[in-house]
Structures are given as C-alpha cells and as structure tokens.
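Numbering (the numbering used here), first residue to last: 2 to 303.
Structure record follows, encoded as structure tokens.
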C-alpha cells in the first residue's frame, strides 16, 4: 500500500508541477509576474515547511509571515498561494515519512480520495469569492487553527485520545469519509487538515499510528488537485508561490534529516499568538471592506 501511495503522489504531483511551470512561464512571458523579491517568500517557505515537517503546520505560518513581512500578495490570492506553494513540500514530507502504512487499505484510500475530492470543490468556491469574503473566511480559518493548536498543547490536553483500531467499517467509515471530504474542502480556505483529521479519527476509535499516515497522506493527496484548480482560475501569486515552494523544499529536508530536537511546544505557543493576531487583522479588514461596499452600493461576490 505504501508503494501504491508513493506512485500516486509522484504521479499527481508531476502533473501539478507541469501545470504550475507552464502557467508561470506563460505569465512571465506576458510580463505579468508580480513585483516581489525572491528572498522574502523563499524565507517564508523555508520557515513554514520546516515547522510543518516538525508537526507545527505551515498554512497559518505562511499567512502570518506574509502579513508581517508585507508580502506583495492580495488577500484574495492567499488561499491559492497556500495550496499551490505548499503542494510539493507536503508531498516530499509524505514520501519521506510514510515508510510503512499500518492501516486498513480500504479506509486509507477512501479517506485520501474523499480529501482530494473535497479540495477540488473547495478550491472552485474559494477562488471565486470576493476579497472581503476571503478575508473573513481566512480570519475565521486562522482562529479555528489557533484554537485547535491550543487545545493540543500538552499542558491543555483537551484533544481526544486515540483507540486501537487500524481501520473503519460501516457507519464509522461513512462518517470518516464525509468528514475528510469536508476537511479537504476547508483546507483550501486555510484551515489545516492535520489536527482536525487526527481528532476525528481518534473519536472514531483509530490508533495514532493509523491516523498519522491518513492525515499526512490526505494533505499530500489533496494539494495537487486544489493547487491545479487555483492555477486554472489564475487566483494565486506566481512568483511568491514558486519562491515559497523552493524555500519549503529546503526546509523540509533540513527538518527531516538534520534537526533532531527543538522546543516544539514553546514554538507552538509563539505561533498561536501570531495566528490570533493575524486572524484579528484579517477579520477587521474584511469587515471594513464589506461596510465600504455597502456604503457604495456594491455587494461582495459570494
């Protein structure tokens, strides 16, 4: 099963890379690449995917650092940037860490397919939303991410514990498929899948060793599909996304093969604080724009 997953990931990601490369070159030839340096987004990609490899997550960090470093990216394009730029680093993580998948194959494949299907639908919706609505959605997504991360801290420990099952059947499998479909759709809006997916699987009685390949495989499987949807719609910053990808690749390899230990929980606390601050600023911006649109008689596109 591990070999099959690797083949699928490599195949889908190769197609994604070709689509991404063609779109970047086409936009570059048309002189429509955004005015942004390679250094800032490259640094963001390195830090975010370094943290992701250590289990902290990448989406919220990319958003927070993009705001802090004043990256030249429209808020409307942030969901696309997240899904496009984190695809290849996330797949690399999966290829490195999924060495043996000790989980029921039907459960695993069903949930991976569900997450990928949800991401395609989610990307179609998010890519067409008005910028003010995207700001509101991203703000809420960041708050949810921060809360889930907080509940998972060892001195809080309010996340559910796992069981012993290596697979699901019947009603539990149906619930998991629907849940992962929804989580795949929500990931396109910036809500990380790792923590909520693990919580869902724990509540359904699965063990940690079985939940881990499902949540990691789900992210790696869905991102090529959601990323290609955002590329198709043109709703992402080309240069920044490529720079984050390149920096992210370096971050993944250093975290996976060089770094052995870090004060992860302390880093998570700092990340949570930054996430809540960024969520607040995005919600404020979205609310202000909605009020301005109403005052001018222009309704946001939903």
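Ideal Cβ placement from N, Cα and C applies to all residues, glycine included.
The structure displayed is predicted, hence computed values, not measured ones.
Under the Cβ criterion (8 Å, minimum of three pairs), the segment 176-187 counts as touching the segment 108-122. Around the CB of residue 90, 16 or more other CB atoms lie within 10 Å, so the residue is classed as buried. As DSSP reads the structure, residue 207 sits in a beta bridge with 166. Ranking 236, 161, 285, 288 by CA distance to the CA of residue 80 puts 236 first. DSSP places residue 73 outside both helix and strand once states are collapsed to three, so it counts as coil. Just measuring C-alpha positions, the residue of 35, 3, 12 sitting nearest residue 244 is 35. By the Cβ criterion, the segment 24-41 is not in contact with the segment 56-64, since fewer than three pairs of Cβ atoms, one from each stretch, lie closer than 8 Å. Cα atoms of residue 99 and residue 216: separation of roughly 11 Å, rounded to the nearest angstrom. Boundaries of the alpha helix (DSSP H) around residue 266: 265-297. One Cα belongs to residue 73, the other to residue 103, and the distance between them is close to 43 Å. For residue 241, the enclosing alpha helix (DSSP H) starts and ends at 239-258. Distances from the CA of residue 223 to each of 83, 71, 54 were compared; the closest alpha carbon is that of 83. With contacts defined by Cβ atoms closer than 9 Å, residue 50 and residue 87 form a contacting pair. Rounded to the nearest angstrom, the gap between the Cα atoms of residue 176 and residue 145 is 21 Å. Within the segment 9-89, the complete alpha helix (DSSP H) segments of 4 residues or longer fall at 40-54, 60-69, 79-86, listed in chain order. In this structure, the straight-line span from the alpha carbon of residue 267 to that of residue 295 is close to 43 Å. When secondary structure is reduced to three states using DSSP, residue 106 falls in the helix class.
Residue 136 sits in a helix when the DSSP states are folded into three classes. In this model, residue 108 and residue 188 are separated by some 20 Å (Cα to Cα). Contact check for residue 196 against residue 55 fails: the beta carbons are separated by 9 Å or more. Residue 190 carries a coil assignment under DSSP once its states are collapsed to helix, strand and coil. Assigned with DSSP and collapsed to three states, residue 119 falls in helix.
DSSP, read as helix, strand or coil, puts residue 197 in helix.
In this model, residue 152 and residue 269 are separated by some 11 Å (Cα to Cα). In the structure shown, residue 218 adopts helical secondary structure according to DSSP, grouped into three states. Burial of residue 41 is indicated by the presence of at least 16 other C-beta atoms within 10 angstroms of its C-beta.
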